[in-house]
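**Q** Residue numbers (the working numbering): 2 to 117.
Just dropping this structure here.
What follows is the structure in structure tokens.
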């Protein structure tokens, strides 16, 4: 897509070698730290609501291991690559990522709905 190699390498490092996230990073907002993270955690956000209302996610919040994982990912988001391989943690993280992308897609598609 015409990105410079240095930018591609930087995106892969930031996203823990995740090609999909690196591509999104290259195409979108480029945050290097967590300073603006709280702006995206609006409780009225449909993505936030969908994730937090999911029974599987609610159940995971009662698991001390998952709580530690969530907290560690806030500090080191690139560590998701290591955590996703864990048989207990990986499926929950996969579910969150899938829900995030599904909701993001639904929001994008709803932009084109015409009200009658």
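Even glycine gets a Cβ: it sits at the ideal position worked out from N, Cα and C.
Since this is a predicted model, take the numbers as computed values, not measurements.
Three-state secondary structure (DSSP) at residue 54?
**A** Reduced to three states, the DSSP call for residue 54 is helix.
**Q** Does the count of Cβ pairs from the region 60 to 76 and the region 13 to 28 closer than 8 Å reach three?
**A** These segments do not touch.
**Q** Would residue 27 and residue 12 qualify as a contact pair, given that the criterion is a beta-carbon distance under 7 Å?
**A** Yes, Cβ-Cβ distance for residue 27 and residue 12 is below 7 Å.
**Q** When DSSP labels each residue in this structure, what does residue 108 get in the three-state scheme?
**A** Residue 108 falls in the helix class under three-state DSSP.
**Q** CA-CA distance, residue 82 and residue 44?
**A** C-alpha separation (whole angstroms): 27 Å.
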